[in-house]
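Visitor: Each residue of the sequence shown is one higher than the one before, starting from 1 at the first, in full-length UniProt numbering. Glycine included, C-beta positions come from ideal geometry on N, C-alpha and C. Computed from a prediction, not measured in an experiment: that's the story for all the values here. Submitted below is the structure of interest, expressed as structure tokens.
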Amino acid sequence: MSLLSTVYACHLFRSPDRSAACRDWSPGISLTRKRAFGQLFSFRRPRRAFNRPRTPRDAPVRRPSPCGGLFSRVQARDDPRSRADRFPLWIKRFMRPFTLATDPRPIASGTPGKPWRTAPRRAVRPPSQEFSTLTATPAPSSSSSAPTEGALPAAAHEITVVDQGLLKRAVGAMALGNAMEWFDFGVYSYIAVTLGQVFFPSSSPSAQLLATFGTFAAAFLVRPLGGMVFGPLGDRIGRQRVLAMTMIMMAVGTFAIGLIPSYDSIGLLAPVLLLVARLVQGFSTGGEYGGAATFIAEFSTDKRRGFMGSFLEFGTLIGYVMGAGVVALLTASLSHDALLSWGWRVPFLIAGPLGLIGLYIRMRLEETPAFKRQAEAREAQDKAVPKAHFRRQLARHWRALLLCVGLVLIFNVTDYMALSYLPSYLSSTLHFDEAHGLVLILIVMVLMMPMTLATGRLSDAVGRKPVMLAGCVGLFALAIPALLLIRTGETALVFGGLLILGALLSCFTGVMPSALPALFPTEIRYGALAIGFNVSVSLFGGTTPLAAAWLVDATGNLMMPAYYLMGAAVIGAISVLALPESARQPLKGSPPAVASHREAHALAREIKRREAAERDDSGYPSAAALRA
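The following block contains the structure:
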């Protein structure tokens with residue numbers, strides 16, 4: 001015990017803080033524990049941490065390097081790559097006289113720093129005074145999967161790390177919901193000839209077709225009104241809620257068509273009720289495409305936005321295929337009298353349960369990260385965006401609005417010509433078998449599905465403009481040959497002509513869902529896209545079947561649909577040439593979006609490298625010059 005007392009007294013005499021020494025030293029004598037003899041006299045000194053900043057664990061801090069300020073960088077405190085603090089103090093002191101560095105303090109104020117030979121010891125300032133902080137903002141996740149957050153290297157922008165599970169769920173929900181909605185809308189066009197006989201029986205076949213497509217076009221007249229209502233509403237209360245509303249209205253309108261009595265039962269009231277149901281469909285569709293495209297674009301990463309957006313049109317094609325398949329099955333299995341009596345109602349009555357499924361899928365979604373960030377900014381301002389503000393914002397982006405109208409023109413004219421008008425053109429004008437025509441259209445749309453995904457992926461690699469421009473040039477050059485093949489009446493040649501138009505249409509279906517949302521900032525993206533899209537569809541897209549049928553009937557020239565497509569291709573090419581490239585770029589008003597924290601670190605370093613290069617170009621001394 002005398003030996004232990006001597007050691008303990010020496011320790012207390014040498015220690016400047018006797019209480020700390022008494023607390024940190026314990027001889028550890030125990031009769032029940034087996035310890036080495038040398039450990040009986042060991043004590044734990046508090047480890048001295050030189051130049052270690054006192055900052056929160058998740059905050060980016062400045063780590064001094066062994067060579068001073070020249071090679072220092074901002075890292076997370078828990079970054080495993082940080083090894084600068086592992087060097088002993090004598091190495092740091094030894095290296096300081098041989099290090100030429102730049103004092104970072106003048107740089108923070110915007111003036112170039114001065115070279116200095118020694119790095120005097122100074123307190124490390126908070127990172128916010130020297131560097132702009134980069135925050136990883138994961139996409140909002142459900143309670144089952146919490147977002148993963150972490151501090152990233154400092155940079156000039158925030159970076160959104162997208163939750164891949166949420167992204168897949170959002171894309172799948174939008175694609176399936178869009179498929180169900182466009183099934184309702186496409187059934188009407190595929191059964192147009194039968195509907196003309198049911199609701200307009202006293203007219204000639206050409207007049208019946210014109211009356212049916214006139215009712216079809218009437219729904220497009222209210223689509224801009226739906227876009228003006230649902231678009232700004234989606235920018236104000238959220239994309240998810242408005243998309244649920246559009247799904248309900250579309251299902252109700254389509255289901256109501258299946259319940260309308262025929263003209264023989266109630267007379268003139270039958271076409272009036274048909275028109276009302278079509279107006280409900282058109283009003284709801286006014287908020288569908290713009291909201292779905294915005295939803296996917298805001299959830300997607302910058303590098304794969306084209307591919308993810310192509311799934312929206314993939315869902316549209318699924319809806320069209322379902323509609324064409326049901327109509328073709330009914331046409332092949334039922335007699336003409338049975339089809340006129342009750343068979344035409346079956347596709348419309350299917351819309352009820354499909355609408356409930358789509359509503360369930362969309363109600364389980366969450367809002368996009370961009371909208372949540374915008375909503376938080378509005379709450380910070382303690383006011384909502386009024387309508388006058390939306391009008392002013394829209395007026396400031398009138399060029400983007402015109403580009404949107406031009407791009408949607410070529411997209412929808414080709415779409416409605418190939419998938420809506422040509423089935424009726426084959427049966428009523430060329431007297432092609434209606435069931436065979438629907439089967440050919442069905443096969444073409446099935447082949448368009450992988451082509452749509454391929455063009456979306458291609459646009460991420462080579463850009464949006466080259467893919468769309470190739471589609472415009474091809475449509476102008478091949479519209480006449482494709483229609484000549486269709487006019488032959490031979491099944492193989494008709495299929496070849498339809499396949500040419502379908503392949504050219506894929507150049508637009510795979511790219512438009514990612515190119516159109518990139519034209520507008522977050523605060524007006526849904527509203528501006530809904531208005532521009534639906535104005536163009538109403539003026540040029542939805543009227544395409546009616547205009548083509550009228551031109552063929554008025555001129556007697558069966559090549560008028562090809563000339564119509566060529567004119568649309570010219571307007572589309574002009575719009576594409578004026579379009580700014582948006583591939584692999586963040587959306588307007590949104591930070592960059594990446595798929596992982598590793599990618600966010602790499603992007604942050606790239607941003608800092610570009611900022612350093614810009615400072616060098618603007619007269620700031622570069623690191624190479626300072627070393628020299």
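1) Would you kindly check if the distance between the Cβ of M512 and the Cβ of M566 is under 9 Å?
2) Looking only at C-alpha atoms, which of R610, P591, S575 and I237 sits nearest to L409?
3) Taking C-beta to C-beta, are T452 and G497 nearer than 9 Å?
4) Label V570 either buried or exposed according to how many other C-beta atoms from any shown protein chain fall within 10 Å of its C-beta, with 16 as the threshold for buried.
5) Leaving out five residues on either side along the sequence, give the residues of the same chain with a beta carbon under 6 Å from the beta carbon of H436.
6) Thinking C-beta only, is F371 closer than 9 Å to A522?
7) Ordered along the chain, which non-local residues of its own chain (more than five positions away) have a Cβ less than 7 Å from that of Q208?
8) Would you give the residue range spanned by the alpha helix (DSSP H) that N534 belongs to?
9) Can you give me the start and stop residues for the alpha helix (DSSP H) that E313 sits inside?
10) Three-state secondary structure (DSSP) at T160?
11) Kindly list the residues whose CB is nearer than 6 Å to the CB of A192, restricted to its own chain and excluding five residues on each side of it in sequence; keep chain order.
12) In the DSSP assignment, what residue or residues form a beta bridge with V552?
13) Could you tell me the boundaries of the alpha helix (DSSP H) in which Y563 lies?
14) Going by C-alpha to C-alpha distance, which of D415, G231, G489 and M449 sits closest to L501?
15) Can you give me the start and stop residues for the alpha helix (DSSP H) that D415 sits inside?
16) Counting C-beta neighbours from all protein chains within 10 Å, is the total for D184 16 or more, i.e. buried, or is it exposed?
17) Pick helix, strand or coil for A595, following the three-state DSSP scheme.
18) Counting beta carbon pairs with one atom in the stretch 527–545 and one in the stretch 398–407, are three or more of them shorter than 8 Å?
19) Given a cut-off of 9 Å on the beta-carbon distance, is the pair A479 and L394 in contact?
20) What is the C-beta distance between E298 and T194, in whole angstroms, given that I count them as a contact (C-beta under 8 Å)?
21) Quick check on the DSSP output: what are the complete alpha helix (DSSP H) runs of length 4 or more inside the stretch 253–285, in order along the chain?
22) Can you give me the Cβ contacts of G489 inside the same chain, cut-off strictly under 7 Å, excluding the 5 residues immediately before and after it?
23) Measure the Cβ-Cβ separation of A400 and F520 and say whether it is below 9 Å.
24) DSSP three-state call for I191: helix, strand or coil?
25) Within a Cβ cutoff of 7 Å, which residues of the same chain sit near L347, ignoring the five residues on either side of it in sequence?
26) According to DSSP, simplified to helix, strand and coil, what is P517?
27) Who are the Cβ neighbours of A573 in its own chain at under 6 Å, not counting the five residues just before and after it?
28) Apart from the five residues just before and just after W182, which ones in its own chain have a Cβ nearer than 7 Å to its Cβ?
29) If you drop the 5 nearest sequence neighbours on each side, which residues of the same chain put their C-beta closer than 7 Å to that of T331?
30) Quick check on DSSP: helix, strand or coil for D433?
31) Tell me which same chain residues have a C-beta within less than 7 Å of the C-beta of M228, skipping the five on either side of it?
32) Output needed for L356: all residues of its chain with C-beta closer than 8 Å, excluding positions within five of it in sequence on either side, in chain order.
33) Short check: CB of A292 to CB of N178, under 9 Å?
34) Compute the Euclidean distance between the alpha carbons of D460 and D264, then round it to the nearest angstrom.
35) Among the residues of its own chain, which have a CB less than 8 Å from the CB of L167, if the five just before and after it don't count?
36) Apply the 10 Å Cβ neighbour rule to W344 and answer buried if 16 or more other Cβ atoms are within range, or exposed otherwise.
Guide: Once the coordinates are examined:
1) no
2) If we check each option's Cα against that of L409, S575 comes out closest.
3) no
4) exposed
5) none
6) Before going further, note that residue 522 is Thr rather than Ala in the sequence given. Yes.
7) G196, Q197 and F200
8) R525 to S536
9) Where E313 is concerned, the enclosing alpha helix (DSSP H) stretches over R305 to S333.
10) strand
11) Once the five neighbours on either side are set aside, the close Cβ partners of A192 are T212 and S424.
12) For V552, which the question treats as bridged, DSSP gives no partner whatsoever.
13) M560 to L577
14) D415
15) W398 to Y416
16) buried
17) DSSP places A595 in coil when its eight states are reduced to three.
18) yes
19) no
20) Going by Cβ atoms, the distance from E298 to T194 rounds to 41 Å, so no, they are not a contact pair.
21) 263–266 and 269–285
22) L430 and F432
23) yes
24) Coil at I191, not helix or strand.
25) A small correction: the amino acid at residue 347 is Pro; Leu does not occupy that position in the sequence shown. V187, I191, G323, V326 and V327, listed in sequence order.
26) For P517, the three-state secondary structure derived from DSSP is helix.
27) Taken in chain order, the residues that qualify are C472.
28) T316, G319 and Y320
29) L339, E434, A435 and L438
30) coil
31) I531
32) A251
33) yes
34) 54 Å
35) Within its own chain, the residues whose Cβ lies closer than 8 Å to the Cβ of L167, once the five positions on either side in sequence are excluded, are A139, F299, S300, T301 and M308, listed in chain order.
36) buried
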